[in-house]
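Heads up, the final residue of the sequence shown is numbered 1471 in our numbering, and it's a clean run with no missing numbers. Structure first, commentary second.
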Amino acid sequence: MATSFDSTLSNLGITRTSTAAATTTTKSSTSLGQSDFLKLMTAQMQNQDPFNPVDNTQMVAQMAQISTTSGISEMNTTMKAIADKLGVTSTGEALGYVGKTVLTPGSTAYGRAAGGIAGSIELAGAATDVNVTISDANGAVLKTMSLGKQAKGTIGYDWDGKDAAGAETGNGPFTVQVNAQNAGTTVGATSLVWAPVQSVSTTTGAAILTLPGLGEIPASAVRQIG
């Protein structure tokens, strides 16, 4: 029976699928679903020792457990669908990305009109030494910047577009590589670059942005809009 919750999901273009139905349609699943549990329970009852039957309390507990697990699985699936849908609530909002610049994970960056590039680094932990290496399209290193000691989190950097000798290097594209060490141990570091949005696709439901040098990325990967 349809509920008001189902109606709300329908308005968002989301169809709620029960866990039981999903289990029966996934033949290659390696985990036990609700129908598998019921089969096992039936087999257990048919083959139980008549002089030592299964305790009713244990059976009820097992049924409650599978019911809870099934409900949580269905809820997680539904909530993910809602989150994906609400990430960009309309086609008009998605198209609003076109012409703007976004900060997103990537290693390819194009120079600004004033020269150079700006970017950020997401550090998975504290680091005693963080370096940003910028190369040209042929792989030749143009500049290596040392950002020194940094705490866990997001840090920014700005390159003026000049190589180690002070010469202008053009508009790119440039390749950005980041390296972070903490007393000799590598720290996880994600390079974030600014890129203009060329086009947006919403054919899959979620907005997919096309960025020069980076290709297609989901709108959910955008850290900041310029």
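In this text, a Cβ means the ideal position worked out from N, Cα and C, and glycines have one as well.
Applying the criterion that 16 or more other CB atoms from any shown protein chain within 10 Å of the CB defines a buried residue, is residue i buried or exposed?
i, result
"Thr1349", "buried"
"Thr1430", "exposed"
"Leu1285", "exposed"
"Lys1272", "Note on Lys1272: pLDDT 47, under 50, position unreliable in the model; no value is reported."
"Gln1395", "buried"
"Thr1389", "exposed"
"Thr1420", "buried"
"Thr1414", "buried"
"Ala1354", "buried"
"Val1343", "exposed"
"Gly1411", "exposed"
"Gly1384", "exposed"
"Thr1270", "In this predicted model, Thr1270 has a pLDDT of only 47, less than 50, meaning its place in the structure is not dependable; the value taken from the coordinates is given anyway. Per the 10 Å Cβ criterion, exposed."
"Gly1406", "buried"
With a threshold of 7 Å, establish whether the CB of residue i neighbours any heavy atom of the ligand MG.
i, result
"Leu1387", "Looking for the ligand MG in the displayed structure turns up nothing, as the structure carries no ligands at all."
Identify, in the order they occur along the chain, each residue of the same chain with its Cβ nearer than 7 Å to the Cβ of residue i, setting aside the five sequence neighbours on each side.
i, result
"Ala1428", "Thr1373"
"Arg1468", "Leu1348, Thr1349 and Leu1437"
"Ala1409", "Lys1388"
"Thr1398", "Per the sequence shown, residue 1398 should be read as Gly rather than Thr. Only Leu1368 meet the Cβ criterion."
"Ala1266", "Its pLDDT being 47, under 50, Ala1266 is placed unreliably in this model, and the value from its coordinates should be taken loosely. Cβ neighbours of Ala1266 beyond the five flanking positions: none."
Take residue i and list the residues in its own chain whose beta-carbon comes closer than 8 Å to its own, dropping the five residues that flank it on each side.
i, result
"Ile1453", "Val1445, Ser1446, Thr1447, Glu1461, Ile1462, Pro1463 and Ala1464"
"Thr1334", "Because the pLDDT at Thr1334 is just 48, under 50, the model does not fix this residue reliably, and the point stays unresolved."
"Ile1400", "Ser1365, Ile1366, Leu1368, Val1375 and Leu1392"
How close, in whole Å, do the beta carbons of residue i and residue j come, if the pair is a contact with beta carbons under 8 Å?
i, j, result
"Gly1471", "Trp1404", "That belief does not hold up - the Cβ atoms of Gly1471 and Trp1404 are roughly 17 Å apart, past 8 Å."
"Gln1443", "Leu1456", "7 Å"
"Val1375", "Leu1392", "4 Å"
"Ala1440", "Thr1346", "6 Å"
"Ser1436", "Gly1364", "7 Å"
"Asn1231", "Gly1356", "Residue 1231 is absent from the structure shown; the chain starts at 1246 and stops at 1471."
"Val1377", "Tyr1402", "5 Å"
"Ala1451", "Pro1418", "Incorrect: roughly 27 Å between the Cβ atoms, too far for contact."
What are the start and end residues of the beta strand (DSSP E) that includes residue i?
i, result
"Asn1424", "Phe1419 to Asn1427"
"Ala1363", "Ile1362 to Leu1368"
"Gly1393", "Val1386 to Gln1395"
"Gly1460", "Gly1460 to Pro1463"
"Ser1352", "Unbroken run through Ser1352: none, as it is neither H nor E."
"Val1445", "Ser1444 to Ser1446"
"Gly1401", "Gly1398 to Trp1404"
"Thr1455", "Ile1453 to Leu1456"
"Asn1376", "Ala1372 to Ser1380"
"Val1467", "That residue, Val1467, is in no beta strand (DSSP E); it is neither H nor E in DSSP."
"Ala1440", "Ala1434 to Pro1441"
Give me, in chain order, the residues of the same chain whose beta-carbon lies closer than 6 Å to that of residue i; leave out the 5 immediate sequence neighbours on both sides.
i, result
"Ala1434", "Ile1366, Leu1368, Val1423 and Ala1425"
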